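The sequence shown begins at 147 in the working numbering and counts up by one. For every residue, glycine included, the Cβ atom is placed at its ideal position computed from N, Cα and C. In this text, all values refer to a predicted model and were calculated from it rather than measured experimentally. Worksheet: the structure to be examined is printed underneath.
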Amino acid sequence: MSAMETEVLIRQHLIDPEVCIRCNTCEETCPIDAITHDDRNYVVDPAICNGCNACVPPCPTGSIDNWRTVPKSNAYSVDDQLQWDELPAQQEVSGEVLTFIAQDESQQQNAAVSATSVIAPHSAEKPHLNLFDVRNPVTATVAGNYRLTADDAESDIRHIVLDFGNHLFPVLEGQSIGVIPPGVDATGKPHFLRMYSIASPRDGERPGYNNLSLTVKRVVSEQDGRLIKGIASNYLCDLKKGDRVQVTGPFGDRFLMPNHAGSNLLMICTGTGAAPMRAMTEYRRRLHAQGKGVDGRLLLFFGARNPDELPYFGPLLKLPPSLVDKHFAFSRLPGEPRCYVQDKMRETAPAVAELLKSDTYIYVCGLKGMEAGVMDALQDICTTAGMNWSALHQAMVVEGRFHVETY
Ligand code: NAP
Numbered sequence: 147m148s149a150m151e152t153e154v155l156i157r158q159h160l161i162d163p164e165v166c167i168r169c170n171t172c173e174e175t176c177p178i179d180a181i182t183h184d185d186r187n188y189v190v191d192p193a194i195c196n197g198c199n200a201c202v203p204p205c206p207t208g209s210i211d212n213w214r215t216v217p218k219s220n221a222y223s224v225d226d227q228l229q230w231d232e233l234p235a236q237q238e239v240s241g242e243v244l245t246f247i248a249q250d251e252s253q254q255q256n257a258a259v260s261a262t263s264v265i266a267p268h269s270a271e272k273p274h275l276n277l278f279d280v281r282n283p284v285t286a287t288v289a290g291n292y293r294l295t296a297d298d299a300e301s302d303i304r305h306i307v308l309d310f311g312n313h314l315f316p317v318l319e320g321q322s323i324g325v326i327p328p329g330v331d332a333t334g335k336p337h338f339l340r341m342y343s344i345a346s347p348r349d350g351e352r353p354g355y356n357n358l359s360l361t362v363k364r365v366v367s368e369q370d371g372r373l374i375k376g377i378a379s380n381y382l383c384d385l386k387k388g389d390r391v392q393v394t395g396p397f398g399d400r401f402l403m404p405n406h407a408g409s410n411l412l413m414i415c416t417g418t419g420a421a422p423m424r425a426m427t428e429y430r431r432r433l434h435a436q437g438k439g440v441d442g443r444l445l446l447f448f449g450a451r452n453p454d455e456l457p458y459f460g461p462l463l464k465l466p467p468s469l470v471d472k473h474f475a476f477s478r479l480p481g482e483p484r485c486y487v488q489d490k491m492r493e494t495a496p497a498v499a500e501l502l503k504s505d506t507y508i509y510v511c512g513l514k515g516m517e518a519g520v521m522d523a524l525q526d527i528c529t530t531a532g533m534n535w536s537a538l539h540q541a542m543v544v545e546g547r548f549h550v551e552t553y
């Protein structure tokens with residue numbers, strides 16, 4: 147470049163790989179698909195990102211809010227970023243800074259409204275966040291590890307109780323923690339953390355104890371005739387009482403439950419997505435037992451292959467209908483047609499519509515594939531009841547009454 151020419155600089159948007167918890171929120175939020183990931187890092191493509199910032203507020207850790215001023219001609223590529231274990235330092239650069247300008251302002255507004263969990267319910271308790279991170283994890287001790295699925299069921303789903311001893315680790319229903327599996331991956335790098343939703347209420351798996359529970363499914367898949375075991379899920383499912391686990395978090399400041407009188411919960415989940423629903427239901431059950439009920443109704447739609455594969459099936463059956471109205475959808479019962487949560491919602495349309503007309507908070511958690519079916523069911527239920535789902539959905543999102551966590 148000649149002395150007369152000025153280098154064009156850009157503020158490049160980057161994600162800190164040391165802090166990122168790989169929750170996929172940023173990739174889901176980005177309105178123009180500028181964020182991508184491999185099995186290690188989440189990265190921003192400088193050729194696509196327009197700096198609209200839609201991804202910044204939803205990020206639970208702040209790892210998304212990193213910027214480096216770099217020559218436009220020499221921005222960090224996606225391939226560069228996928229190799230990183232830490233962010234590069236800011237280099238000394240000089241030139242004319244070209245700041246990002248959102249190409250389309252309406253795109254930015256739409257991103258905010260179409261996101262699934264913009265804010266927490268107004269009466270949610272204020273959560274504690276990021277008390278421990280990968281550089282400073284807390285050690286929890288395994289207090290129990292119990293199989294939830296029948297002995298002969300295909301899935302091995304576990305209820306794992308972690309005790310935090312003397313460490314302060316306050317959580318709320320709907321929050322998650324990170325677990326760091328010990329050891330290194332094939333390239334010699336430490337395993338990155340994995341996120342798990344908390345399955346117990348704020349006052350502990352056992353009330354008054356400094357513990358919490360997780361619902362973990364052992365992941366085993368087949369690739370080229372070989373069995374591949376999920377690193378974190380197998381580590382967790384094999385833990386024994388007394389084992390120590392490195393934990394980060396707590397994470398999550400939106401997928402939280404309302405605390406005010408008369409607030410209803412409409413909970414829709416599949417498989418291990420039951421974890422936050424168990425936490426919320428159990429919290430309301432304890433309040434009722436203490437005579438402190440908040441008078442809201444709970445309506446649950448829960449999908450699994452069959453009763454043997456449905457975590458917490460036995461304990462759930464024992465909960466009285468006066469506490470929670472339960473509807474199970476089984477997809478693989480011999481001789482029966484496949485039934486999904488959205489089918490059960492349609493069968494129960496009048497009850498769903500009635501709840502949607504009042505002070506109700508919707509929570510959807512589990513398989514990503516269920517999202518579209520659940521949205522279609524809500525649309526149909528509203529149309530039949532003479533309600534406008536599209537307007538109600540938008541209102542619920544901005545009022546912190548519509549929350550989705552799917553993977
Ligand atoms: P799964 O056993 O594979 O599936 C549960 C049920 O969902 C099955 O009956 C399945 O039917 C059904 N299903 C499949 N596609 C569907 C669709 N399009 N609409 C509605 N239902 C559908 O579930 P899983 O393995 O436990 O997975 C649960 C998911 O929750 C995972 O992706 C996990 O990452 C996520 N999650 C877990 C946590 C946690 O803390 N543990 C928290 C949040 C989310 P078929 O018989 O047809 O397969």
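Sorted by chain position, which residues of the same chain lie with C-beta nearer than 8 Å to residue i's C-beta, five sequence neighbours on each side aside?
{"i": "E482", "result": "F476"}
{"i": "E517", "result": "V510, V550 and T552"}
Cα separation between residue i and residue j?
{"i": "D211", "j": "G354", "result": "37 Å"}
{"i": "N276", "j": "F397", "result": "6 Å"}
{"i": "G318", "j": "A531", "result": "In the sequence on display, residue 318 carries Leu and not Gly. Spanning the two alpha carbons is a distance of roughly 34 Å."}
{"i": "W535", "j": "S209", "result": "34 Å"}
{"i": "V391", "j": "L538", "result": "43 Å"}
{"i": "A421", "j": "F401", "result": "12 Å"}
{"i": "Q237", "j": "Y222", "result": "12 Å"}
{"i": "K472", "j": "L446", "result": "5 Å"}
{"i": "V543", "j": "G350", "result": "29 Å"}
{"i": "K503", "j": "F459", "result": "29 Å"}
{"i": "A248", "j": "C198", "result": "Annotation note: pLDDT 34 at A248 (below 50); position unreliable, no value reported."}
{"i": "I374", "j": "A200", "result": "36 Å"}
{"i": "A286", "j": "V393", "result": "7 Å"}
{"i": "I508", "j": "E545", "result": "11 Å"}
{"i": "I167", "j": "L462", "result": "31 Å"}
{"i": "T494", "j": "K514", "result": "22 Å"}
{"i": "K218", "j": "R186", "result": "26 Å"}
{"i": "N282", "j": "I326", "result": "11 Å"}
{"i": "A270", "j": "Q321", "result": "12 Å"}
Is residue i helix, strand or coil by DSSP?
{"i": "P217", "result": "strand"}
{"i": "T494", "result": "coil"}
{"i": "N212", "result": "strand"}
{"i": "V543", "result": "helix"}
{"i": "R424", "result": "helix"}
{"i": "V317", "result": "coil"}
{"i": "K472", "result": "strand"}
{"i": "H434", "result": "helix"}
{"i": "I377", "result": "helix"}
{"i": "I527", "result": "helix"}
{"i": "L411", "result": "strand"}
{"i": "V307", "result": "strand"}
{"i": "Q369", "result": "strand"}
{"i": "C511", "result": "strand"}
{"i": "D489", "result": "helix"}
{"i": "T605", "result": "Shown here, the chain extends from 147 to 553; a query on residue 605 therefore has no answer."}
{"i": "P336", "result": "strand"}
{"i": "S223", "result": "coil"}
Under 6 Å Cβ to Cβ from residue i, same chain only, skipping five residues before and after it: list those, please.
{"i": "R478", "result": "R451 and N452"}
{"i": "E455", "result": "T295, A299 and S301"}
{"i": "P457", "result": "L294, I303, T361 and A420"}
In chain order, what residues of the same chain lie with their CB nearer than 7 Å to the CB of residue i, ignoring the 5 residues before and after it?
{"i": "V190", "result": "H159, L160, I161, A180 and I181"}
{"i": "D505", "result": "G408, S409 and N410"}
{"i": "D279", "result": "V165 and T394"}
{"i": "D489", "result": "A475"}
| message | I want to know whether the region 525-544 touches the region 427-436 - three or more CB-CB distances under 8 Å. | response | no
| message | Across the region 323-331 and the region 363-371, are there enough close Cβ pairs to call them in contact, namely three or more that are closer than 8 Å? | response | Proximity of the region 323-331 to the region 363-371 falls short of the contact definition, fewer than three beta-carbon pairs being nearer than 8 Å.
| said: For the pair the region 407-414 and the region 270-286, tell me if three or more CB-CB distances fall below 8 Å. | reply: no
| task | May I ask you to verify whether the region 306-317 touches the region 186-202, counting CB pairs closer than 8 Å and requiring at least 3? | result | no
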